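Just so you know, the protein sequences line up as chains H and U, in that order. Take any residue in the first sequence, count from 1 to its spot, add 3: that is its number in my numbering. Take any residue in the second sequence, count from 1 to its spot, add 3: that is its number in my numbering. For each residue, glycine too, the CB sits at the ideal point set by N, CA and C. Nothing here was measured: the structure is a model prediction, and the numbers come from that model. Scroll down for the structure; my scribbles are underneath it.
Protein chains: 2
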Amino acid sequence: MLEKVDLKNKLKKGEYSAKLAELGLQLGEVQRRAREEQRPIIILFEGWRGSKRSEIINTLMQNMDARGFDVLSSMELIDVTDRPAFEFFWNNLPGLGEIRVYHRSWYYLRNVHQGHSCETSDMYSYNHINSFEKVLTDDNYIVIKFFLHLSENAQKKNMTDESSLGYAIRSKYLSEHASEGKRADYQTFFKQYDEMLSATDTENAPWNVIAADSTRTATINIMENIIATVTAKLEAGKVDAPAPAREDVKYDALSKVNPAKEMTKEKYKEKLAKYQKKLQKLQVEMYKRGISAVIGFEGWDAGGKGGAIRRLTSGLDPLGYQVFPVASPTVVERNYNYQWRFWIHLPKSGEFSIFDRTWYGRVMVERLEGFAKPNEWQRAFDEINEMEKQWADAGMVVCKFWLQIDKDEQLRRFTERQNTPEKQWKITDEDWRNREKWEAYEDAVNEMLVRTNKDYAPWTIVEGNNKYYARLKVMKTVIDLFEKRLAQK
Amino acid sequence: MLEKVDLKNKLKKGEYSAKLAELGLQLGEVQRRAREEQRPIIILFEGWRGSKRSEIINTLMQNMDARGFDVLSSMELIDVTDRPAFEFFWNNLPGLGEIRVYHRSWYYLRNVHQGHSCETSDMYSYNHINSFEKVLTDDNYIVIKFFLHLSENAQKKNMTDESSLGYAIRSKYLSEHASEGKRADYQTFFKQYDEMLSATDTENAPWNVIAADSTRTATINIMENIIATVTAKLEAGKVDAPAPAREDVKYDALSKVNPAKEMTKEKYKEKLAKYQKKLQKLQVEMYKRGISAVIGFEGWDAGGKGGAIRRLTSGLDPLGYQVFPVASPTVVERNYNYQWRFWIHLPKSGEFSIFDRTWYGRVMVERLEGFAKPNEWQRAFDEINEMEKQWADAGMVVCKFWLQIDKDEQLRRFTERQNTPEKQWKITDEDWRNREKWEAYEDAVNEMLVRTNKDYAPWTIVEGNNKYYARLKVMKTVIDLFEKRLAQK
Numbered sequence: 004m005l006e007k008v009d010l011k012n013k014l015k016k017g018e019y020s021a022k023l024a025e026l027g028l029q030l031g032e033v034q035r036r037a038r039e040e041q042r043p044i045i046i047l048f049e050g051w052r053g054s055k056r057s058e059i060i061n062t063l064m065q066n067m068d069a070r071g072f073d074v075l076s077s078m079e080l081i082d083v084t085d086r087p088a089f090e091f092f093w094n095n096l097p098g099l100g101e102i103r104v105y106h107r108s109w110y111y112l113r114n115v116h117q118g119h120s121c122e123t124s125d126m127y128s129y130n131h132i133n134s135f136e137k138v139l140t141d142d143n144y145i146v147i148k149f150f151l152h153l154s155e156n157a158q159k160k161n162m163t164d165e166s167s168l169g170y171a172i173r174s175k176y177l178s179e180h181a182s183e184g185k186r187a188d189y190q191t192f193f194k195q196y197d198e199m200l201s202a203t204d205t206e207n208a209p210w211n212v213i214a215a216d217s218t219r220t221a222t223i224n225i226m227e228n229i230i231a232t233v234t235a236k237l238e239a240g241k242v243d244a245p246a247p248a249r250e251d252v253k254y255d256a257l258s259k260v261n262p263a264k265e266m267t268k269e270k271y272k273e274k275l276a277k278y279q280k281k282l283q284k285l286q287v288e289m290y291k292r293g294i295s296a297v298i299g300f301e302g303w304d305a306g307g308k309g310g311a312i313r314r315l316t317s318g319l320d321p322l323g324y325q326v327f328p329v330a331s332p333t334v335v336e337r338n339y340n341y342q343w344r345f346w347i348h349l350p351k352s353g354e355f356s357i358f359d360r361t362w363y364g365r366v367m368v369e370r371l372e373g374f375a376k377p378n379e380w381q382r383a384f385d386e387i388n389e390m391e392k393q394w395a396d397a398g399m400v401v402c403k404f405w406l407q408i409d410k411d412e413q414l415r416r417f418t419e420r421q422n423t424p425e426k427q428w429k430i431t432d433e434d435w436r437n438r439e440k441w442e443a444y445e446d447a448v449n450e451m452l453v454r455t456n457k458d459y460a461p462w463t464i465v466e467g468n469n470k471y472y473a474r475l476k477v478m479k480t481v482i483d484l485f486e487k488r489l490a491q492k
Numbered sequence: 004m005l006e007k008v009d010l011k012n013k014l015k016k017g018e019y020s021a022k023l024a025e026l027g028l029q030l031g032e033v034q035r036r037a038r039e040e041q042r043p044i045i046i047l048f049e050g051w052r053g054s055k056r057s058e059i060i061n062t063l064m065q066n067m068d069a070r071g072f073d074v075l076s077s078m079e080l081i082d083v084t085d086r087p088a089f090e091f092f093w094n095n096l097p098g099l100g101e102i103r104v105y106h107r108s109w110y111y112l113r114n115v116h117q118g119h120s121c122e123t124s125d126m127y128s129y130n131h132i133n134s135f136e137k138v139l140t141d142d143n144y145i146v147i148k149f150f151l152h153l154s155e156n157a158q159k160k161n162m163t164d165e166s167s168l169g170y171a172i173r174s175k176y177l178s179e180h181a182s183e184g185k186r187a188d189y190q191t192f193f194k195q196y197d198e199m200l201s202a203t204d205t206e207n208a209p210w211n212v213i214a215a216d217s218t219r220t221a222t223i224n225i226m227e228n229i230i231a232t233v234t235a236k237l238e239a240g241k242v243d244a245p246a247p248a249r250e251d252v253k254y255d256a257l258s259k260v261n262p263a264k265e266m267t268k269e270k271y272k273e274k275l276a277k278y279q280k281k282l283q284k285l286q287v288e289m290y291k292r293g294i295s296a297v298i299g300f301e302g303w304d305a306g307g308k309g310g311a312i313r314r315l316t317s318g319l320d321p322l323g324y325q326v327f328p329v330a331s332p333t334v335v336e337r338n339y340n341y342q343w344r345f346w347i348h349l350p351k352s353g354e355f356s357i358f359d360r361t362w363y364g365r366v367m368v369e370r371l372e373g374f375a376k377p378n379e380w381q382r383a384f385d386e387i388n389e390m391e392k393q394w395a396d397a398g399m400v401v402c403k404f405w406l407q408i409d410k411d412e413q414l415r416r417f418t419e420r421q422n423t424p425e426k427q428w429k430i431t432d433e434d435w436r437n438r439e440k441w442e443a444y445e446d447a448v449n450e451m452l453v454r455t456n457k458d459y460a461p462w463t464i465v466e467g468n469n470k471y472y473a474r475l476k477v478m479k480t481v482i483d484l485f486e487k488r489l490a491q492k
């Protein structure tokens with residue numbers, strides 16, 4: 004893509020100032036419209052070192068409306084190179100009607116990662132990058148990507164500014180981290196960049212390669228580009244991304260499972276103590292190795308999720324895990340893509356995040372109650388598989404439990420809750436309504452269990468009529484998965 | 004406070020299990036009531052190393068409702084020792100109706116700070132600690148503080164558990180950071196703890212010293228204590244904290260200032276270029292020294308805040324600063340104390356946070372429009388002084404600008420905005436309404452400028468009728484303050 008860029012074009016100073024003022028007004032206008040229409044906008048800048056990203060972004064800032072417009076400094080990226088890909092950007096996603104400018108982005112992290120790590124890592128594969136961008140654009144985020152291109156001469160000339168903040172930052176970074184090694188030459192980078200651009204130049208998030216030998220020309224081009232792109236997206240309005248092709252099959256996973264298993268209290272107590280000790284040990288080992296885990300719990304209402312989580316955590320040190328109960332999204336959470344509220348709770352190095360209900364709400368309650376449109380929940384199977392793959396590729400243990408009870412057992416438990424004063428708060432009208440839709444839920448759950456059961460993020464169906472049995476099975480499964488992961492390098 | 008604690012008391016196992024189950028139910032009940040009544044609760048645990056904080060907190064978690072109940076691992080504190088005191092806790096404050104448990108808190112950071120730093124630091128002074136807690140309790144946060152006390156024997160016995168997660172964390176931490184030095188003996192710690200407890204045992208946030216030689220007894224006491232405290236606070240309902248005594252004086256700062264100053268465009272252009280270069284240099288020096296700055300802008304509507312900020316930042320690299328426009332609080336922001344939305348935007352090391360309107364809204368618009376109660380805005384003068392002192396004690400440059408124009412100049416600018424199509428969005432009915440209250444605002448501004456003008460966080464009144472003059476004065480003031488700060492060690 005870089006070959007065809009004309010680097011000679013150059014604006015005169017008088018022309019530039021006049022254009023700048025005019026475009027600034029238009030940009031402000033476009034910005035206010037986007038805010039009114041509640042469209043989130045991401046504008047990212049990549050390109051050669053020395054391509055004057057800072058200067059260009061500052062000119063943009065001087066000419067835009069500061070409200071709802073945040074520039075994310077690439078300084079922040081220095082601290083997140085070890086974190087799962089995209090986590091930082093999820094944490095700093097623009098909300099509805101906001102603009103976020105990334106002064107370097109996931110493409111930069113991809114490069115850092117490739118440069119610093121001896122192992123090949125899949126964290127920032129082109130596939131993950133394209134998928135990440137697609138999740139956003141399918142959700143009507145406007146994503147505008149700029150690559151600032153320089154000729155070899157301009158690049159050499161611009162590189163020497165040792166009085167800049169960028170230089171100071173780089174120096175500090177280099178003295179604190181492993182050396183970046185010998186810098187490759189222009190041609191090597193050229194090829195690398197060109198490959199990256201081609202591989203990630205998608206219809207939904209295309210690259211805009213900007214000739215940046217002249218910073219002024221580049222600035223004007225960028226402003227024109229933002230105005231044109233945002234205007235076009237606003238005119239088109241929010242679009243329902245097409246649902247992916249879907250096989251017309253009857254999925255089944257639940258009918259193979261008999262939820263009634265036996266377990267005596269004595270045996271339970273004996274094993275419980277044993278498993279608690281084991282988990283305690285494993286938690287320390289996982290911490291030392293810096294391996295984290297995401298553990299999700301789903302299941303029928305009154306299926307025993309809470310009890311299973313309590314037993315699982317009973318042996319753990321609260322220093323190293325957090326439980327996140329998931330309910331219908333809050334006002335804040337509705338400001339973002341549905342994945343957001345899970346990404347922001349990813350575990351730190353060596354810690355565990357346990358979710359009581361999960362992102363699978365998308366293909367269960369949101370699907371059945373109409374909170375998600377058909378194209379949205381149908382896309383969600385692939386999106387969720389991809390999200391969990393990203394976590395797994397970052398080295399995490401990812402696993403999911405479905406707590407399976409039968410309809411009679413649920414009725415028994417509902418009735419017991421109803422009749423026990425201190426348990427009444429646990430049962431609501433909604434639970435009874437959901438129960439009436441048992442068969443519809445069963446279909447949705449079956450599809451979910453089949454389509455999102457992956458090596459890197461397996462479902463475990465837990466026979467749940469007997470609580471003792473269920474709790475131990477959960478603990479044992481986690482123990483096995485941790486041991487398996489610890490056995491890997 | 005520690006002398007009188009009876010460490011001998013011990014529960015039998017049977018008694019314990021029965022109590023635990025009973026208290027767990029009560030705790031869940033109390034928790035749901037606090038959520039309904041939208042009271043945020045902070046529960047913090049300090050105490051001797053080896054006092055089984057983790058075990059106790061885990062038992063609590065097993066017996067409470069996980070919804071809205073978060074434990075903040077002290078693991079997280081390792082990374083924030085260099086940040087301004089309390090910032091981390093503001094970032095992790097419970098919202099309305101939430102419970103946050105701190106497994107170690109600002110008291111721990113105070114100790115780390117004292118241990119590791121050669122210089123005396125005021126960051127975690129008792130005064131700052133008491134003020135921080137008071138801001139919260141005055142705002143009807145429920146703050147419950149536990150100190151887990153151990154006898155010398157129990158402390159020695161408990162210390163040796165090298166298989167624990169806490170031990171693994173400490174080892175990792177010690178290998179990554181400066182050594183903690185030789186551990187002091189029990190008596191030395193005893194005296195230190197005792198002093199700390201006495202100095203911070205306030206009426207609004209008293210210490211609960213818990214005898215923890217027996218973990219079981221401690222757990223039961225803690226649960227009883229939480230139930231009793233929260234119940235009492237809920238029965239009392241939300242209380243209006245008394246307004247501090249207020250002098251009945253006519254404050255004046257504005258009348259001494261003549262907003263009409265002269266400045267030609269030529270002189271402006273010449274100085275502008277010079278100041279931009281200077282600021283660019285200073286930004287790099289500040290970054291290298293790790294000195295950050297908080298710069299706040301207030302002023303009459305159409306006073307020229309936006310223009311002044313744009314000129315100030317025109318020479319800066321966007322890598323190192325962020326502009327935060329402040330409007331009326333969002334749904335999210337209303338979930339927290341009014342200071343929250345400023346704390347979460349504190350600059351990182353060597354960076355600048357620029358606020359377009361600030362926390363002073365509390366004593367201006369919120370005061371005059373009745374969004375804050377009299378006792379709230381009257382408390383705010385002291386609260387804000389204290390907040391800025393905390394920032395300054397963390398080494399930050401803190402400064403504030405008031406852009407002063409006269410009533411005629413405002414009318415001229417309003418009319419110009421009204422008559423210029425691309426500026427119309429800048430003027431609203433609210434601006435005209437505020438203008439009618441000019442005199443009331445003048446009184447409020449005068450009180451603010453006098454009562455919150457401090458050495459460590461000075462106000463600069465900027466004569467604003469002439470925009471050129473005003474912009475340069477802002478830039479020059481920042482330059483001077485940065486140079487002064489850089490001249491200090």
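Check	Outcome
Who are the Cβ neighbours of T123 (chain H) in its own chain at under 8 angstroms, not counting the five residues just before and after it?	Caution applies to T123 (chain H), whose pLDDT of 45 falls short of 50 and renders its modelled position unreliable; the model cannot decide the point.
For chain H, find out if any of its Cβ atoms is closer than 8 angstroms to the Cβ of W405 (chain U); answer yes or no.	no
The beta strand (DSSP E) spanning D73 (chain H) covers which residue range?	F72 to L75
Would you call the CB atoms of V326 (chain H) and G364 (chain H) closer than 8 angstroms?	no
Report the option in U:A397, U:E265 and U:R436 whose CA atom is closest to the CA atom of G293 (chain U).	U:A397
Give the straight-line distance between the Cα atoms of T290 (chain U) and F135 (chain H), rounded to the nearest whole angstrom.	In the sequence as presented, Thr is not what sits at residue 290 (chain U); that position holds Tyr. About 33 angstroms.
Kindly examine the ligand GDP and report whether one of its heavy atoms sits closer than 7 angstroms to the Cβ of V401 (chain H).	Because no ligand of any kind appears in the structure shown, any question about the ligand GDP cannot be addressed here.
Which whole runs of the alpha helix (DSSP H) in the segment 359–398 of chain U are 4 residues long or more, in chain order?	368–371 and 377–396
Express the C-alpha separation of E40 (chain H) and F92 (chain U) in angstroms, rounding to a whole number.	35 angstroms
Tell me which residues share the same chain as G27 (chain H) and place their Cβ nearer than 6 angstroms to its Cβ, disregarding the 5 neighbours each side in the sequence.	N66
What residues in the segment 415–442 of chain H bring their beta carbon closer than 7 angstroms to a beta carbon of chain U?	E425 and W428
What are the residues in the segment 95–110 of chain H lying within 8 angstroms of chain B by C-beta distance?	This model lacks chain B altogether, as its protein chains are H and U.
What does the Cβ neighbour count give for S166 (chain U), buried or exposed, with the cut at 16 atoms within 10 Å?	exposed
Checking 8 angstroms against the spacing of the C-beta atoms, do N61 (chain U) and P377 (chain H) come in under that value?	no
Since G498 (chain U) and G373 (chain U) are thought to touch, with beta carbons under 8 angstroms apart, how far apart are those beta carbons, to the nearest angstrom?	For residue 498 (chain U) there is no data in the structure shown, the boundaries of chain U being 4 and 492.
Taking the alpha carbon of A395 (chain U) as the reference point, which residue from U:D197, U:W435, U:S295 and U:L285 has its own alpha carbon closest?	U:S295
Relative to chain U, which residues along the segment 29–41 of chain H have a C-beta separation below 7 angstroms, given in chain order?	R35
Leaving out five residues before and five after N12 (chain U) in sequence, what residues of the same chain have Cβ atoms less than 8 angstroms from its Cβ?	A214, S217 and T220
So for F89 (chain U), helix, strand or coil by DSSP?	coil
For a quick check, are the C-beta atoms of L47 (chain U) and I229 (chain U) less than 8 angstroms apart?	no
Taking 8 angstroms as the cut-off, does the segment 298–307 of chain H touch the segment 427–444 of chain H (at least 3 CB pairs, one atom from each stretch)?	yes
Please name the residue, chosen from H:S201, H:D142 and H:D141, that lies closest to F150 (chain H) on a Cα-to-Cα basis.	H:S201
Count the CB pairs spanning the segment 268–285 of chain U and the segment 404–415 of chain U that are closer than 8 angstroms, and state whether there are at least three.	no
Using 8 angstroms as the threshold, is the C-beta distance between Y339 (chain U) and G98 (chain U) below it?	yes
Out of H:F345, H:Y129 and H:D446, state which residue places its alpha-carbon closest to the alpha-carbon of V368 (chain H).	H:D446
By alpha-carbon positions, which one of U:G17, U:K236 and U:V83 ends up nearest to Q34 (chain U)?	U:K236
Could you list which residues in chain U have their beta carbon closer than 8 angstroms to that of D73 (chain H), in chain order?	Q325
Please name the residue or residues paired with I46 (chain U) in a DSSP beta bridge.	U:V104 and U:I147
Leaving aside the five residues before and after L319 (chain U) along the sequence, list all residues of the same chain whose C-beta is less than 8 angstroms from its C-beta, in chain order.	L282, Q283, Q286 and F355
On the CB-based measure, 16 or more other CB atoms within 10 Å of its CB, does E206 (chain H) come out buried or exposed?	exposed
I'd like the list of long-range same chain contacts for T316 (chain H), defined as Cβ closer than 8 angstroms, with 5 residues on each side in sequence excluded.	Y324, V326 and I357
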